[in-house]
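In this note's numbering, the protein residues as written are 9 to 317.
By construction, the Cβ of each residue, glycine as well, lies at the ideal position given by its N, Cα and C atoms.
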């Protein structure tokens with residue numbers, strides 16, 4: 009795995025772990041908090057007492073589940089990925105010390121439905137109106153996998169929506185996941201204006217309904233709620249990464265926005281990791297990240313799959 013791909017994987021995990029102690033704090037609180045770091049300042053009460061310093065949350069774990077499922081299934085398979093997600097929720101698969109925390113209500117309900125025997129693509133029926141951002145950053149390994157295998161934009165649409173529908177029925181959630189994936193591809197391939205090009209590519213291929221959603225809900229943000237909305241997360245991530253000069257500044261800006269810090273910092277960290285590369289991630293943060301052996305083993309398995317294919 010080259011520097012940019014490794015940067016994406018580690019960038020997401022570091023961003024998630026860095027944001028975990030500050031989850032749900034207001035923007036005003038975060039703007040006034042000094043010495044924000046993976047080890048939080050003494051005057052700050054960590055959100056998740058059970059999470060040790062350097063632990064990633066559900067975003068990081070779901071991303072690692074995706075990375076592993078791609079290796080197991082030699083590509084994306086909904087049933088394989090869903091089993092990985094259930095193993096994460098029930099057994100702590102790829103959670104640090106097997107401690108699961110930070111899962112959304114939607115994810116909990118979907119996993120309960122799946123465990124009770126509901127068909128894979130019917131589980132999201134529990135709350136068809138949900139449009140939180142929990143399906144966004146987990147797509148990163150899928151985007152890198154498709155890019156490495158020279159998939160076309162139609163494949164990005166197919167698999168971007170397929171993975172989203174496991175937990176979210178809202179069409180806008182699938183569109184945002186697909187934009188995120190195409191954006192990651194363009195940054196990896198060093199395409200100029202990568203986010204705008206991602207939008208243009210998808211607008212050329214999508215049907216009228218999807219084009220209207222991009223124009224009204226995503227670009228103009230009509231009907232978008234500010235807290236943990238998938239559109240807000242995607243567009244904030246774009247604004248932050250587009251202006252950032254390095255990985256450190258990107259994830260710190262994300263965390264200082266407060267509220268759903270892990271969702272945004274994960275989305276930003278993954279893209280910034282690709283853009284600036286693994287070598288740009290601060291060594292101090294990498295050293296504090298837990299279970300590096302687990303990450304390295306998954307990367308090795310992924311590399312073997314790509315070589316074998």
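Cβ separation of residue i and residue j, assumed to be a contact under 8 Å, to the nearest whole Å
| i | j | result |
| --- | --- | --- |
| residue 318 | residue 69 | As shown, the chain starts at 9 and ends at 317. That puts residue 318 outside it, with no answer to give. |
| residue 148 | residue 16 | 6 Å |
| residue 155 | residue 196 | 5 Å |
| residue 8 | residue 173 | There is no way to answer for residue 8, as the model of the chain reaches only from 9 to 317. |
| residue 307 | residue 9 | 5 Å |
| residue 213 | residue 161 | 6 Å |
Buried versus exposed, by CB contacts within 10 Å (16 or more), residue i
| i | result |
| --- | --- |
| residue 107 | exposed |
| residue 58 | exposed |
| residue 221 | buried |
| residue 14 | buried |
| residue 140 | buried |
| residue 27 | buried |
| residue 223 | exposed |
| residue 264 | buried |
| residue 261 | buried |
| residue 217 | exposed |
| residue 20 | buried |
| residue 125 | exposed |
| residue 210 | buried |
Contact set for residue i: own chain, Cβ-Cβ below 7 Å, skip 5 residues either direction
| i | result |
| --- | --- |
| residue 256 | 290 |
| residue 254 | 284, 288 |
| residue 118 | 131, 132, 134, 175 |
| residue 92 | 73, 76, 77, 101 |
| residue 109 | 56, 58, 59, 65 |
Cβ neighbours of residue i in the same chain (closer than 6 Å, five flanking residues each side left out)
| i | result |
| --- | --- |
| residue 266 | 33, 34, 35, 38 |
| residue 43 | 49 |
| residue 136 | 177 |
| residue 206 | 187, 190, 191, 194 |
| residue 31 | 55, 269, 270 |
| residue 79 | 309, 310, 313 |
Cutoff 8 Å; reference residue i; Cβ partners in own chain excluding five residues on either side
| i | result |
| --- | --- |
| residue 116 | 97 |
| residue 171 | 74, 84, 86, 89, 143, 146, 147, 150, 185 |
Going residue by residue through the segment 151-228, where are the continuous alpha helix (DSSP H) segments of at least 4 residues, counting only ones entirely within it? Taking only runs of at least 4 residues, the alpha helix (DSSP H) segments lying wholly in the segment 151-228 are 161-172, 179-196, 202-213, 216-221.
At 4 residues or longer, what runs of the alpha helix (DSSP H) sit wholly inside the segment 224-305? DSSP runs (the alpha helix (DSSP H)) wholly in the segment 224-305: 238-251, 255-264, 269-284, 291-296.
Contact between the segment 191-202 and the segment 225-234 is defined here as three or more beta-carbon pairs at a separation below 8 Å; is this criterion met? The segment 191-202 vs the segment 225-234: no contact.
Does the segment 238-245 touch the segment 261-280, meaning 3 or more C-beta pairs lie closer than 8 Å? Output reads yes: the segment 238-245 touches the segment 261-280.
Quick test of the definition: if touching needs 3 or more C-beta pairs under 8 Å, does the segment 294-303 touch the segment 160-176? Because the criterion of three Cβ pairs below 8 Å is not met, the segment 294-303 and the segment 160-176 do not touch.
Are three or more beta carbon pairs between the segment 75-84 and the segment 273-281 nearer than 8 Å? Using a Cβ-Cβ distance cut-off of 8 Å, the segment 75-84 and the segment 273-281 are not in contact, since fewer than three pairs of beta carbons, one from each stretch, lie closer than that value.
Segments assigned alpha helix (DSSP H), at least 4 residues, entirely inside the segment 36-84: If we require 4 residues or more, the alpha helix (DSSP H) runs fully inside the segment 36-84 come out as 66-81.
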